[in-house]
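Asker:
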Amino acid sequence: MNRWLMKTEPDCYSIDDLEAKGGPDIWDGCRNYTVRNFMRDQMKPGDLAFLYHSSVSPAGIVGVMRVTTQGYPDPTQFEPSHPAYDPKSPADSPRWYAVDVELIERFPDMVTLADLRSRPELAQMLVLQRGQRLSVMPVKEAEWNAVLEIVRARTP
DNA sequence: GCCAACGTTGGC
DNA sequence: GCCAACGTTGGC
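Residues are numbered in my numbering as their position in the first sequence, beginning at 1, plus a constant of 38.
1. Quick one, are the C-beta atoms of Tyr123 and Arg74 less than 8 Å apart?
2. First and last residue of the alpha helix (DSSP H) that includes Asp54?
3. When you compare only the Cα positions, how much space is there between Glu47 and Gln170?
4. With DSSP run on the structure shown, which of helix, strand or coil describes Leu43?
5. Helix, strand or coil for Leu172? Go by DSSP, reduced to three states.
6. Could you tell me the alpha carbon to alpha carbon distance between Phe76 and Arg155, rounded to whole angstroms?
7. Using a Cβ-Cβ cut-off of 6 Å (strictly less than) and excluding sequence neighbours within five positions of Ser92, which residues of its own chain qualify?
8. Only counting the same chain, and skipping five residues up and downstream in sequence, which positions put a Cβ closer than 6 Å to that of Val139?
9. Counting only the same chain and skipping the five closest in sequence on each side, list residues whose C-beta sits under 8 Å from that of Asp153.
Here's what the structure looks like:
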């Protein structure tokens, strides 16, 4: 099982939207080749992912999701009205991929970037690295557990 | 709104 | 295939 961190701007799609869905929803719109490769080649049903809210203050992790599908072609790349429409993506060889995810835990409080940076054991976590912009990135098991420890320590 | 970092594009 | 210009991300 792999572990991931998946970023979204909550103004666009938030944990509230996923919770309101009441089940799996598509994680679409990613237009970066490294992320595409993760989704197409490495993400599997049963993988877990932190749900991260970016471009808000503070930014941070707000919950845990489970991946419910393998990667499959992102339908939004073929929708001219969609902001992430890609007219150059061949229909017979789609360029962009999506997965489905479901919410399995909503944290009582966001684990903010400042919270993460306060933990020496998370110093190497990718989301904390300078210039790191991937919207989907792998998380090491030890890092995963350390984040959950922060959450559990707050929840008697 | 600033700006560092990095990905993508396109001319050559 | 190089690399300068440009665009985007995303924290601050």
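Cβ atoms here follow ideal geometry from the backbone N, Cα and C, with glycine treated the same way.
Answerer: Put simply:
1. Arg74 is positioned such that its CB atom lies no closer than 8 Å to that of Tyr123.
2. Unbroken alpha helix (DSSP H) run through Asp54: Ile53 to Lys59.
3. Glu47 and Gln170: Cα-Cα distance of roughly 16 Å.
4. Residue state, collapsed to three classes: strand.
5. Note: Leu172 maps to coil in three-state DSSP.
6. Cα to Cα, Phe76 sits roughly 25 Å from Arg155.
7. The answer, listed in chain order, is Lys45 and Glu47.
8. If you ignore the 5 residues before and after Val139, its C-beta comes within less than 6 Å of the C-beta of Trp65, Met103 and Val105, all in its own chain and listed in chain order.
9. The residues are Gly98 and Ile188.
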